[in-house]
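In our numbering, the protein residues as written are 643 to 806.
The block underneath contains the structure these notes are about, expressed in structure tokens.
In structure tokens form, the structure reads like this:
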């Protein structure tokens, strides 16, 4: 089993717990120092919840490994752990005003482009690794249907914009 999943899941959970302190200071105590640091409290709340969700997803993958008596290869685990920590970190950076300039802006852009892709890759690989073919086909049809709906909606918006 990949004990790394549990270790990083615990790290993600602890970060979520730690973020509850500034969140409580902003929402309940109206603390000016915390409000100056975290200029977007909604993003702070989103980061707080996302760290918890990522910890739960790491536990789910660990339970999948445990129940099937198999171990995921590292080329799946590493992107999963990277995305699990960095995806909520994007929201945490957006809760401050520091992500707009300097080195933090470069780091933010790097995370914004790599973290969701790594999570998408990891979850697709996990689905291919554990799900039977019928469920993979179902998910593919569901994804294709969603893409068609989004494409039709975009086309409709473009036609309305051209006619206006």
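We put the CB at the ideal spot given by N, CA and C, even for glycine.
Do you know offhand how far residue i's Cα is from residue j's?
{"i": "residue 691", "j": "residue 793", "result": "31 Å"}
{"i": "residue 700", "j": "residue 755", "result": "21 Å"}
{"i": "residue 695", "j": "residue 710", "result": "23 Å"}
{"i": "residue 707", "j": "residue 644", "result": "8 Å"}
{"i": "residue 715", "j": "residue 764", "result": "11 Å"}
{"i": "residue 782", "j": "residue 761", "result": "17 Å"}
{"i": "residue 787", "j": "residue 780", "result": "11 Å"}
{"i": "residue 665", "j": "residue 804", "result": "44 Å"}
{"i": "residue 652", "j": "residue 720", "result": "16 Å"}
{"i": "residue 809", "j": "residue 796", "result": "In this structure the chain extends from 643 to 806, so residue 809 is not present and cannot be described."}
{"i": "residue 791", "j": "residue 785", "result": "10 Å"}
{"i": "residue 776", "j": "residue 751", "result": "37 Å"}
{"i": "residue 798", "j": "residue 670", "result": "44 Å"}
{"i": "residue 747", "j": "residue 663", "result": "25 Å"}
{"i": "residue 713", "j": "residue 806", "result": "56 Å"}
{"i": "residue 745", "j": "residue 802", "result": "41 Å"}
{"i": "residue 659", "j": "residue 753", "result": "22 Å"}
{"i": "residue 766", "j": "residue 789", "result": "17 Å"}
Is the closest heavy atom of the ligand FMN to the C-beta of residue i under 7 Å?
{"i": "residue 692", "result": "The ligand FMN is not among the ligands present in this structure, which contains no ligands whatsoever."}
For residue i, collect the residues of the same chain with a Cβ closer than 7 Å to its Cβ; drop the 5 residues on either side in sequence, then sort them by chain order.
{"i": "residue 657", "result": "693"}
{"i": "residue 667", "result": "673, 676"}
{"i": "residue 749", "result": "none"}
{"i": "residue 679", "result": "738"}
Leaving aside the five residues before and after residue i along the sequence, list all residues of the same chain whose C-beta is less than 6 Å from its C-beta, in chain order.
{"i": "residue 647", "result": "700, 703, 704"}
{"i": "residue 655", "result": "697"}
With residue i and residue j assumed to form a contact (beta carbons below 8 Å), what rounded beta-carbon distance in angstroms separates them?
{"i": "residue 718", "j": "residue 768", "result": "6 Å"}
{"i": "residue 758", "j": "residue 729", "result": "6 Å"}
In chain order, what residues of the same chain lie with their CB nearer than 8 Å to the CB of residue i, ignoring the 5 residues before and after it?
{"i": "residue 661", "result": "686, 689, 690, 693, 734"}
{"i": "residue 650", "result": "700, 723, 726, 727"}
Three or more C-beta pairs closer than 8 Å, one from the region 740-747 and one from the region 770-779: is that the case here? Per the Cβ contact rule, the region 740-747 is not in contact with the region 770-779 (fewer than 3 Cβ pairs under 8 Å).
Is it the case that the region 724-736 contacts the region 675-691, given that we only count it when at least three CB pairs across the two stretches are under 8 Å? Yes, they touch.
For the region 723-730 and the region 673-683, state whether three or more C-beta atom pairs, one from each stretch, are separated by less than 8 Å. no
Unbroken stretches of the alpha helix (DSSP H), 4 residues or longer, contained in the region 708-743: 716-736
Whole runs of the alpha helix (DSSP H) within the region 748-806, excluding any shorter than 4 residues: 775-805
Taking only runs that begin and end inside the region 651-713, name each unbroken alpha helix (DSSP H) of 4 or more residues, in chain order. 674-679, 683-710
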